[in-house]
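Enquirer:
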Amino acid sequence: MSMFCYQCQETAKGTGCEIRGVCGKNEEVAKLQDLLVYVTKGISEIVVKGKVQVEDIREINHQVLKSLFITITNANFDEDGIEKQIKLMIDLRDQLKKQVQGKTFGDAANFKVSDRSSMLEKASKVGVLSTENEDIRSLREMIIYGIKGMAAYTHHALNIGKENLDIYHFIYEGLAATLDDSLTADDLVALTLKTGEFGVKAMALLDEANTSRYGNPEISEVNIGVRNKPGILISGHDLTDLEQLLEQTKGTGIDVYTHSEMLPGNYYPVFKKYDNFVGNYGGSWWAQVTEFETFNGPILFTTNCIVPPRSEEVRKRIFTSGAAGYPGCMHIEADDKGYKDFSPIIEMAKKCEPPVEIEKGSIIGGFAHNQVFELADKVVEAVKSGAIRKFFVMAGCDGRMNSREYYTNFAKSLPKDTVILTAGCAKYRYNKLDLGDIGGIPRILDAGQCNDSYSLAVIALKLQEIFGLEDVNDLPIAFNIAWYEQKAVIVLLALLYLGFKNIHLGPTLPGFLSPNVAKVLVEKFGISGVGQVDDDIKLFMAE
Ligand code: SF4
Ligand code: SF3
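Heads up: the sequence shown runs through residues 3 to 545, numbered per the working numbering.
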């Protein structure tokens, strides 16, 4: 076995990628990512044992977020960039260690590597399988994946200038715990729930950051056709990159289109003032293999999900920023004030053909908590009158597997008196269907990006309050969540922490759940998988 990774839903055979990632990650990238995670664990051990105050190590806090984000599925495939980040983290680790006197630390806080080959050798000994007991391994990894998702959301908030030091504190506590052999499975189950608690804080922080800077998302009709000018396509989740790109393209004659998880950028009032902001191009992340060919212009990846481009022509048009990276693609770094110079992208766009139209029309979104609260009277009335019988939270991720057709068929087959609440790229499986409305309330309410699943939880908790229910699970809300990468893991853990039960997770249960850990999730939280659409709908409607 040359590598081992089972962090995402598409992991080989549902158990683990061992030769090459289904995502395209090669052995070297996989190992370097393992080592990068390992050094963040070492730093965490020093912070926890050395009782270091997180407010005193700002640079380390920020680099830990970035390092974890780099290791999220489809974010970064760039060996050289990851090697550079490992070296930086080892330097920061060693400086930190010097400040802590009289403590001894384990290998993660002490190991040394000199070059790429020593890094790869070290990585082979510290990856996922270095934990022998499969239940402890399963719990440790679930915590790490949740923390990766949390780090991604915290990193976005940080780019807007918002931080919550408690989150850093927890990240160190959680990562250090994954090195601690004295912890039992019960201790780690408790820590998994605590990860969910901090996931809620991270999503709340990002929600606050986004809405305070860009306004509350509002109901918006987003154009999915094209204009006849050259365009730049912006993908991923980072709204500060969208903001800077729109500012820098203003008046240049270059249009800007969102892609995949950047679609909700169209829902924020602040971005509507740019007349070169045209709308959204294409579907969810995996469709990029054909859509980037027809887009014709440059593409900026601000985060995941990158699919390795299949032609040199497309690769030349891809740029990355932040935690994203791909070998041979230009990476645009922020300066020390956070400014990113996107002029190479704009210059390239000027020489490109306009995008080819692949669809026409528009889609509607922007139903985050503030907007839904404005409609609260209407929604409550519809529930009371029986016009809305049930809400289905179908947030999460999309993926390549054909089995995800399940979600399209599920949405199509739902009774007409039900409403879908969604967030994340999972929406692309059904957001272009015409499901109509219930008394003016569209049957698909898209809150935004995957982190905006927080909005859906806030909406549910508000409804619980309005209806005076003791238990949020007494609401007519069912959860049929699609997962793919580690941000979905933190969303799930956050929902569990908030008390939501009987969540269905698909299209398959995570490969990183050992049979015993899966059993705990089933018994304690009623987690289950998905089956056949018709059977599932009957089950959900009866629940
Ligand atoms: Fe495999 Fe997913 Fe890991 Fe990629 S991220 S190597 S597809 S488990
Ligand atoms: Fe999608 Fe990659 Fe997860 Fe943010 S873009 S939800 S998969």
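Glycine is no exception: its CB is placed at the ideal position from the N, C-alpha and C atoms. None of these values were measured; they are calculated from a predicted model.
Could you tell me which of Leu185, Pro509, Phe502 and Leu437 sits nearest to Val460, measuring between CA atoms?
Expert: Checked all of Leu185, Pro509, Phe502 and Leu437; the closest Cα to Val460 is Phe502.
Enquirer: Is His157 near the ligand SF3, going by C-beta to nearest heavy atom under 7 Å?
Expert: It does not: the Cβ of His157 is nowhere closer than 7 Å to a heavy atom of the ligand SF3.
Enquirer: Shortest alpha-carbon distance to Phe514 belongs to which of Phe107, Asn78 and Leu141?
Expert: When only C-alpha atoms are compared, the closest one is Leu141.
Enquirer: Just to confirm before moving on: does the CB-CB distance between Arg139 and Val130 stay below 8 Å?
Expert: Taking 8 Å as the Cβ cut-off, Arg139 and Val130 qualify as a contacting pair.
Enquirer: Between Phe79, Leu471, Asn135 and Lys274, which has its C-alpha nearest Leu34's C-alpha?
Expert: Of Phe79, Leu471, Asn135 and Lys274, the residue nearest in Cα terms is Phe79.
Enquirer: State the DSSP-derived secondary structure class of Lys418, mapped to helix, strand or coil.
Expert: Residue state, collapsed to three classes: coil.
Enquirer: Who's in the neighbourhood of the ligand SF4, going by beta-carbon under 7 Å from any heavy atom, listed in chain order?
Expert: Working through the chain, the matches are Cys7, Tyr8, Gln9, Cys10, Glu12, Thr13, Ala14, Gly18, Cys19, Gly23, Val24, Cys25, Lys27, Ala32 and Thr75.
Enquirer: Throw me the rounded Cβ distance for the Gly201 and Leu416 pair, which I believe falls under 8 Å.
Expert: In fact, because the Cβ distance is near 28 Å, the residues do not count as touching under 8 Å.
Enquirer: Restricting to Cα atoms, I'd like to know which of Glu525, Gln101, Val491 and Glu245 is closest to Thr194.
Expert: Minimum Cα distance to Thr194 is reached at Val491.
Enquirer: Check whether the Cβ of Glu293 sits closer than 7 Å to any heavy atom of the ligand SF3, and report yes or no.
Expert: Incorrect: Glu293 has no Cβ contact closer than 7 Å to the ligand SF3.
Enquirer: Are the segment 233–243 and the segment 179–188 touching by the rule of at least three beta carbon pairs closer than 8 Å?
Expert: No, because fewer than three Cβ pairs between the segment 233–243 and the segment 179–188 fall closer than 8 Å, the two stretches do not touch.
Enquirer: Could you compute how far the alpha carbon of Glu293 sits from the alpha carbon of Val49?
Expert: Answer to the nearest angstrom: the Cα atoms are 45 Å apart.
Enquirer: With DSSP as the reference, identify every bridge partner of Met332, one or two as the case may be.
Expert: Looking at the DSSP assignment, Met332 forms a beta bridge with Phe321.
Enquirer: In or out: Gly23 buried (at least 16 other Cβ within 10 Å) or exposed?
Expert: Its Cβ being crowded by 16 or more others within 10 Å, Gly23 is buried.
Enquirer: Using a Cβ-Cβ distance cut-off of 8 Å, determine whether Gln250 contacts chain C.
Expert: Here chain C cannot be found, since the structure has a single protein chain.
Enquirer: In the structure shown, what three-state DSSP assignment does Val460 receive?
Expert: Here Val460 sits in helix by DSSP.
Enquirer: Between Tyr408 and Pro509, which are expected to be in contact by the criterion C-beta below 8 Å, what is the C-beta distance as a whole number of angstroms?
Expert: Right, their Cβ atoms sit about 6 Å apart.
Enquirer: At the level of alpha carbons, what is the spacing between Asp189 and Gly163?
Expert: Asp189 and Gly163: Cα-Cα distance of roughly 34 Å.
Enquirer: Which two residues bound the contiguous alpha helix (DSSP H) that contains Tyr170?
Expert: Element bounds for Tyr170: Leu167 to Ala179.
Enquirer: Can you find a heavy atom of the ligand SF3 that lies under 7 Å from the Cβ of His261?
Expert: Checking every heavy atom of the ligand SF3 against the Cβ of His261, none is found closer than 7 Å.
Enquirer: List the whole-angstrom C-beta distance separating Ala425 from Asp448, where the pair is believed to meet the contact cut-off of C-beta under 8 Å.
Expert: Rounded, the Cβ-Cβ distance is 7 Å, consistent with contact.
Enquirer: Rounded to a whole number of angstroms, what is the C-alpha to C-alpha distance between Glu123 and Gly18?
Expert: Glu123 and Gly18: Cα-Cα distance of roughly 20 Å.
Enquirer: Quick one, what's near the ligand SF3 if you take every residue whose CB is closer than 5 Å to any heavy atom, in chain order?
Expert: Those residues are Glu263, Trp287, Asn306, Cys307, Cys399, Gly426, Cys427, Cys452, Tyr486 and Glu487, given in chain order.
Enquirer: Do Ala384 and Ile443 count as a contact pair if the criterion is CB distance below 8 Å?
Expert: Going by C-beta atoms, Ile443 is nearer than 8 Å to Ala384.
Enquirer: Counting along the chain, where does the alpha helix (DSSP H) carrying Asp189 start and finish?
Expert: Residues Ala187 to Tyr216.
Enquirer: From which residue to which residue does the beta strand (DSSP E) around Ala480 run?
Expert: Taken as a continuous stretch (DSSP letters only), the beta strand (DSSP E) holding Ala480 covers Ile479 to Ala484.
Enquirer: Out of curiosity, what's the CA-to-CA distance linking Leu67 and Ala204?
Expert: Leu67 and Ala204: Cα-Cα distance of roughly 12 Å.
Enquirer: Please determine, among Pro219, Lys274, Tyr259 and Tyr276, the residue with the shortest C-alpha to C-alpha distance to Gly285.
Expert: It is Tyr259 whose Cα lies nearest to the Cα of Gly285.
Enquirer: Quick check: the Cα distance between Cys25 and Glu472, rounded to an integer number of angstroms?
Expert: The alpha-carbon atoms of Cys25 and Glu472 are separated by roughly 43 Å.
Enquirer: Tell me whether Glu314 sits in a helix, a strand or coil according to DSSP, three-state version.
Expert: Helix, per DSSP.
Enquirer: Under 8 Å, with one C-beta from each stretch per pair, do the segment 241–256 and the segment 218–226 reach the 3-pair mark?
Expert: Not touching, per the Cβ criterion.
Enquirer: Could you tell me which uninterrupted alpha helix (DSSP H) segments, each at least 4 residues in length, are contained entirely in the segment 6–94, listed from first to last along the chain?
Expert: Runs found: 29–51 and 60–72.
Enquirer: Is it the case that the segment 79–89 contacts the segment 5–13, given that we only count it when at least three CB pairs across the two stretches are under 8 Å?
Expert: No: the two stretches stay apart, fewer than three of their Cβ pairs being nearer than 8 Å.
Enquirer: Where are the beta strand (DSSP E) runs, 3 residues long or more, that stay fully inside the segment 215–297, in chain order?
Expert: Entirely contained in the segment 215–297, the beta strand (DSSP E) runs reaching 3 residues are, in chain order, 222–225, 233–237, 257–260 and 279–282.
Enquirer: Can you tell me where the beta strand (DSSP E) holding Ser364 begins and where it ends?
Expert: Segment Ser364 to Gly367, the beta strand (DSSP E) holding Ser364.
Enquirer: When the Cα atoms are used, what is the spatial distance from Phe393 to Ala413?
Expert: C-alpha separation (whole angstroms): 12 Å.
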